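Asks:
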Amino acid sequence: MGDEVRTWAADVVRQSAAVALVADLERRRLAAEVMDHGAVRARNPAGEPDMNDPRARALSPGLRQEVVCRTHRGALWWWWVWSGPDRRALSELEPLCPAADIAFAGERIARVLAVPFASSPDEASGGCQ
Numbered sequence: 007m008g009d010e011v012r013t014w015a016a017d018v019v020r021q022s023a024a025v026a027l028v029a030d031l032e033r034r035r036l037a038a039e040v041m042d043h044g045a046v047r048a049r050n051p052a053g054e055p056d057m058n059d060p061r062a063r064a065l066s067p068g069l070r071q072e073v074v075c076r077t078h079r080g081a082l083w084w085w086w087v088w089s090g091p092d093r094r095a096l097s098e099l100e101p102l103c104p105a106a107d108i109a110f111a112g113e114r115i116a117r118v119l120a121v122p123f124a125s126s127p128d129e130a131s132g133g134c135q
């Protein structure tokens with residue numbers, strides 16, 4: 007198999023994993039979207055700043071997390087994307103789990119984005135707030 011075919015196949019697998027992860031996150035009441043090359047950006051709507059408070063909007067980006075699907079030890083894995091130590095630093099990557107383990111990845115992301123004491127009608131149902 008040629009390098010172009012391998013690259014194309016890896017991109018298809020990454021995109022498929024990203025679509026599956028977005029669906030899992032949405033079932034957990036998180037907003038999520040597929041970005042380029044197998045990246046997923048998730049956010050918790052309960053963690054968004056008050057739209058009527060300009061200071062809160064300026065100071066708080068809300069609860070957001072990005073993960074990317076990349077090769078790790080010969081297999082595709084989800085990687086956490088963490089900001090570097092300062093604004094000029096590159097993002098840092100940390101292995102999360104194998105890409106095939108969508109439910110585990112979704113649960114871990116939901117825990118990072120949880121707002122455990124948010125008052126919401128969905129709180130009693132155990133939704134990720």
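Counting from 7, one number per residue, gives the positions in the sequence shown under the numbering used here. Note that CB positions come from ideal geometry on N, CA and C, so glycine has one too. The structure displayed is predicted, hence computed values, not measured ones.
#1: Taking all protein chains shown into account, decide if L27 is buried (16 or more other Cβ within 10 angstroms of its Cβ) or exposed.
#2: Distance check for A64 and V19, CA to CA, integer angstroms please.
#3: Are the CB atoms of G90 and L69 within a distance shorter than 7 Å?
#4: Identify the continuous alpha helix (DSSP H) that holds E54 and give its terminal residues.
#5: Contact defined as beta carbons within less than 8 Å: I believe Q71 pairs with G44. What is the distance between those atoms, to the nearest angstrom?
#6: What is the rounded straight-line gap between the Cα of F110 and the Cα of P104?
#7: Measure the CB-CB distance between R76 and W85 and report whether it falls below 7 Å.
#8: Taking C-alpha atoms, which residue in P51, V40, N58, A106 lies nearest to L119?
#9: Any idea if V11 is buried or exposed, counting beta-carbon neighbours within 10 angstroms, 16 or more meaning buried?
#10: How long is the line joining the alpha carbons of L31 and D107, rounded to whole angstroms?
#11: Give the DSSP bridge partners of E98, in chain order.
Replies: From the atom records:
#1: Here residue 27 refers to the residue found at position 21 when the sequence shown is read from its first residue. Only buried fits L27, as 16 or more other CB atoms lie within 10 angstroms of its CB.
#2: Translated into the one-based positions of the sequence shown, residue 19 becomes position 13. Translated into the one-based positions of the sequence shown, residue 64 becomes position 58. Distance between the alpha carbons of V19 and A64 is about 37 Å.
#3: The sequence position of residue 69 within the sequence shown is 63, counting from 1. The sequence position of residue 90 within the sequence shown is 84, counting from 1. Not a contact, by the Cβ cut-off of 7 Å.
#4: Counting from one through the sequence shown, the residue named residue 54 turns up at place 48. If you look at E54, you'll find it isn't in any alpha helix (DSSP H); DSSP assigns it neither H nor E.
#5: By one-based count along the sequence shown, residue 71 stands at place 65. By one-based count along the sequence shown, residue 44 stands at place 38. Not confirmed; about 15 Å, so no contact.
#6: Walking along the sequence shown from the start, residue 110 turns up at place 104. Walking along the sequence shown from the start, residue 104 turns up at place 98. Rounded to whole angstroms, F110 and P104 show a C-alpha spacing of 9 Å.
#7: Taking the first residue of the sequence shown as 1, we reach residue 76 at position 70. Taking the first residue of the sequence shown as 1, we reach residue 85 at position 79. Yes. Within cutoff.
#8: Position 113 of the sequence shown holds residue 119. If you compare the alpha carbons of P51, V40, N58, A106 with that of L119, the shortest gap goes to P51.
#9: Your numbering for residue 11 matches position 5 in the sequence shown. Classification of V11: exposed, given that the 10 Å Cβ count is below 16.
#10: As a position in the sequence shown, residue 31 is number 25, starting the count at 1. As a position in the sequence shown, residue 107 is number 101, starting the count at 1. Rounded to the nearest angstrom, the two C-alpha atoms are 13 Å apart.
#11: Translated into positions along the sequence shown, residue 98 becomes position 92. Answer by DSSP bridge pairing, in chain order: W88.
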